[in-house]
Every structure is written in structure tokens, then in C-alpha cells.
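Asks: Residue numbering for the sequence shown follows our numbering, beginning at 2 and increasing consecutively.
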Amino acid sequence: MGYSALVWAHAVGPEGKVTGLEFSEEYAKLAEKTFEKNGVKNVEIIVGDGLETCVLSHPYYLRKQCC
Numbered sequence: 002m003g004y005s006a007l008v009w010a011h012a013v014g015p016e017g018k019v020t021g022l023e024f025s026e027e028y029a030k031l032a033e034k035t036f037e038k039n040g041v042k043n044v045e046i047i048v049g050d051g052l053e054t055c056v057l058s059h060p061y062y063l064r065k066q067c068c
């Protein structure tokens, strides 16, 4: 629901960028609301299966989070 991306957004600062992957459209919408509520503008959420939606043409640090 965006909590880890919220922490990463703070960690990279306003000049950095965070890309989050959500499998569920519902969770992606909740994450967007969390970012808006907290004034976070440097996070992009991509919806879908991480293996299918991850764009590897850019250097990413991939971190798997299991609940």
C-alpha cells in the first residue's frame, strides 16, 4: 500500500525517483492516495506481475518484499 515506497522516496530525496510494483490495481490506488496524502511526488507505481512489468532497460535496485 505504498509504505515501503514512501520510505524509499524519503531516502532518495526529492531529486531521486522510486518505482514501485504492485500486482493489484486496488493496492496501487491505495499507494497513490498514501503518496498524495504525504506530499510525495517522486514515486511511480507500475501495476502487474513484476516479472512482466519490470523494465530492465534502466538500472534498478530490485528489492523483494513479502508480506
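By construction, the Cβ of each residue, glycine as well, lies at the ideal position given by its N, Cα and C atoms.
On a predicted model such as this, the values are computed, not experimentally measured, just so you know.
With a 10 Å radius around its C-beta and 16 neighbouring C-beta atoms as the bar for buried, classify Gly3 as buried or exposed.
Replies: Reading the sequence shown from its first residue, position 2 is the one you call residue 3. Buried, by the Cβ-count rule.
Asks: Which partner residues of Gly49 appear in the DSSP bridge assignment?
Replies: Position 48 of the sequence shown, counted from the first residue, corresponds to residue 49. Beta-bridge pairing links Gly49 to no other residue.
Asks: Buried or exposed for Ala12, please, with buried defined as at least 16 other CB atoms from any protein chain shown within 10 angstroms of its CB.
Replies: In the sequence shown, counting from the first residue as 1, residue 12 sits at position 11. Under this definition Ala12 is an exposed residue.
Asks: Using the C-alpha atoms, what's the distance from Gly51 back to Glu26?
Replies: Translated into positions along the sequence shown, residue 26 becomes position 25. Translated into positions along the sequence shown, residue 51 becomes position 50. If I take the Cα positions, the gap works out to 13 Å.
Asks: What residues are listed by DSSP as bridge partners for Val20?
Replies: Residue numbering aside, residue 20 sits at position 19 when the sequence shown is read from its first letter. A quick correction: the sequence has Thr, not Val, at residue 20. Thr20 pairs with Glu45.
Asks: Can you tell me which of the three DSSP states Ser5 falls into?
Replies: Stepping through the sequence shown from its first residue, residue 5 is reached at position 4. Of the three classes helix, strand and coil, the one that applies to Ser5 here is helix, per DSSP.
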